[in-house]
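Just so you know, we're using this note's numbering here: the sequence shown kicks off at 1090 and counts up by one.
We put the beta carbon where it would ideally sit given N, CA and C, even for glycine.
Owing to the predicted nature of the structure, the values given are computational and were not obtained by experimental measurement.
Contents: one structure, followed by commentary.
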Amino acid sequence: MLWPALVMAEQGNESVHRFISWQQAVQEQLAQHGETTVIAELLDGRLTHLADLAGKFPGSSAILFEEASRYGLLSASIRRVLGSYPFIPAPWLAGESPHTPPELAELQLIQEALLGVLQDGHREALIKCFRTWSTVHAGTFRSDARTIQLLKSYPGDTGTRSAADTAVRAGWGAHKGMLLVKDPKHFDHAIKWARVFWGANSMTSRCIRKSETEDDYVDGTDQEEHEIEVRTSDSLPVEHAAPTPVPEDGAHLRRFTMDVLSSFIEAIETAPARLYEKARQEVISGLVARAGRDLIAVLSAPDLWCMEHGAHIARMLVETKIYLRWMALQDPSIYREFQEYGAGKAKLYARISDELPVKARTDGFREAAEELKRLSHNNDVVDDRVVDTRDTFAGGKSIRAMADEAGLLDLYRQAYSLASGVTHSEWWSVETHAMEPCLNVLHGLHLVPSFSLSFGGNVSLASSWVDQFYMLSRTGLSILETDEDAVASAFAWLEEPDQEPPESA
Ligand SMILES: [Zn+2]
């Protein structure tokens, strides 16, 4: 449909009347062949159908070209655009001009043609009505009485135009569906050419990003009309953004988190410990400490204080909370099982590292493999370490199921699954964080990787992580039933401003 779209971009919607005259003139000149139905169907505005028509009826290409010229449908600009595409169907429409790459003027006309159809539903309907007009003239059009009534005064009657536009567009889609049922290959030629069209566009003009056009913005009214540029070999403008500085109102977060972690450790170490069930204390304090260490590291890099780069922190905090609360509901042997599951995994990783050929092993590699063997806590003489390859330490029970049993399903659904989506690169997350639309309409509205980096430094997000970590440390202490006086003393600095927090590392 490129040709009618170009003509309407150049000459306005009125040009549709000249197209109808052209269809009628061509039908009359080809009437001698007798195949009225076939000829009418092939004059629907598609270049591929014009090529089919010329192939079926020798000499018809000259008639098609001459009549189109006579009705002013082949200006020099339009012929230059058509001639700029390689492998275009019905290349004789472009006239004698040899295939030449488009200049800026041609690219602008193609852009106007595409935008005209995308932005103007009436123009879209006019082009989609070509087949209807052609078959009405040939006497082969069939439809219900109401549609025929609507089309009789189309497009002249502004009162019914909108309804008729809708009927035309819907009918066009239905007709296309019908053709595909009859012959699934009907549009193969057209689709092949469409691939060439978009492929050629990608070579002749380059992508346009919003950041490049911001200077031209006037109230966002010209959002769709961006300067097309002929593709050159210029390098792309990569943004070298400086790292996000620590926001003033978030400067205390890292120090505060270190103080909370220190107080947590202090409370555990000053309270009487239940060393007869050490796995319990080791696992709970270990998980809380791990969460605090991760958070402290992230709090020194404000680039990570955003959903795109900080999702793993939110996910880890929620996961730790679910682990702690779920394990607290189980038999205390669960803590030992948690450790054994991990030791089995270390053995598995050690075995996998043994797969590397001996000559490829570096000193560092050998050291790491030895450490994994140590962490598997296997017996030196009898290999009795079981490797549990199920998904989790809880017999493969999912985190979701643990959250459900621990009454944290809402937290799981609202916080964990969303953060997981970011971590696992689910497409919605990649689309919103890493991609932006190319504003060059010649490129078919595709998405391109964004050059601009996420500006982190979201203090309220980072504060919410710190709050969660604080709650986590208190949860850990309460599950451990750590002596209340020891806890109160370790966290006294929070209650009384005069108290110094413990020495942070
Ligand atoms: Zn693009």
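Nearest to isoleucine 1354 by alpha-carbon distance, out of Gln1116, Leu1561, Phe1230, Leu1406, is Leu1561.
Glutamate 1117 carries a helical assignment under DSSP once its states are collapsed to helix, strand and coil.
The beta-bridge partner set that DSSP reports for leucine 1536 consists of Pro1526. Spatial neighbours of alanine 1129 in its own chain (CB-CB distance under 6 Å, excluding positions within 5 residues in sequence) are listed in chain order as Ser1223, Thr1224, Ala1227, Thr1229. Shortest Cα-Cα distance from leucine 1536 to any of Thr1126, Gly1431, Leu1507, Ile1297 involves Ile1297. Taking C-beta separations shorter than 8 Å and ignoring five residues to either side along the sequence, the partners of asparagine 1468 in its chain run Arg1474, following chain order. When Cβ pairs closer than 8 Å are counted between the two stretches, the region 1412-1431 is seen not to touch the region 1446-1460, the count staying below three. Excluding sequence positions up to five before and after serine 1150, its CB lies within less than 6 Å of the CB of Ala1143, Trp1181, all in the same chain and listed in chain order.
With fewer than 16 other beta carbons inside 10 angstroms of its own, arginine 1363 counts as exposed. Taking a C-beta distance under 7 Å as the contact criterion, leucine 1497 and isoleucine 1423 do not qualify as a contact pair.
If you draw a 10 Å sphere on the C-beta of isoleucine 1402, you find 16 or more other C-beta atoms in it, and that means buried. The shortest C-alpha to C-alpha distance from arginine 1425 to any of Arg1414, Phe1482, Ala1449, Leu1406 is the one to Phe1482. The set of residues whose C-beta lies within less than 5 Å of a heavy atom of ligand 1 reads, in chain order, Cys1296, Cys1527, Asn1529, His1532.
Following the DSSP letters along the chain, one finds valine 1377 inside the alpha helix (DSSP H) bounded by residues 1367-1388. Residue burial is scored here from C-beta neighbours: alanine 1504 has at least 16 other C-beta atoms within 10 angstroms and is therefore classed as buried. Annotation: the continuous alpha helix (DSSP H) that includes serine 1158 extends over 1149-1159. Excluding its 5 nearest sequence neighbours in each direction, valine 1530 has C-beta neighbours in its own chain below 6 Å: Gln1200, Leu1203, Leu1204, listed in chain order. Annotation for glutamine 1557: Leu1406 place their beta carbon closer than 6 Å to its own, counting only its chain and skipping 5 residues before and after.
The C-alpha of glutamate 1371 is placed about 28 Å away from the C-alpha of serine 1442. For alanine 1165 and glutamine 1118, the gap between their C-alpha atoms comes out near 25 Å. Under the three-pair Cβ rule at 8 Å, the region 1286-1293 does not count as touching the region 1233-1253. Closest in alpha carbon position to alanine 1330, among Ala1551, Ser1543, Gly1101, is Ser1543. Segment contact: the region 1232-1248 against the region 1278-1285, fewer than three CB-CB distances shorter than 8 Å; contact not assigned. Cβ-Cβ distances below 6 Å link methionine 1416 to Ile1423 in the same chain, with the five nearest sequence neighbours on each side left out; the list follows chain order. Per DSSP, the beta-bridge partners of valine 1319 are Ser1294. Taking the CA atoms as reference points, leucine 1583 sits about 40 Å from glycine 1484. Looking at the backbone, the Cα of valine 1447 and that of arginine 1489 are separated by about 42 Å. Here valine 1335 has Pro1391 as same chain residues with Cβ atoms under 7 Å from its own Cβ, once five neighbours each way along the sequence are excluded.
Excluding five sequence positions before and after valine 1319, the CB atoms of its chain that fall closer than 8 Å to its own CB belong to Pro1191, Glu1192, Leu1193, Leu1196, Thr1293, Ser1294, given in chain order. In its chain, beyond the 5 residues on either side, Asn1290, Ser1291, Cys1296 have a beta carbon closer than 7 Å to the beta carbon of histidine 1532. In the three-state reduction of the DSSP assignment, glutamate 1444 falls in the coil class.
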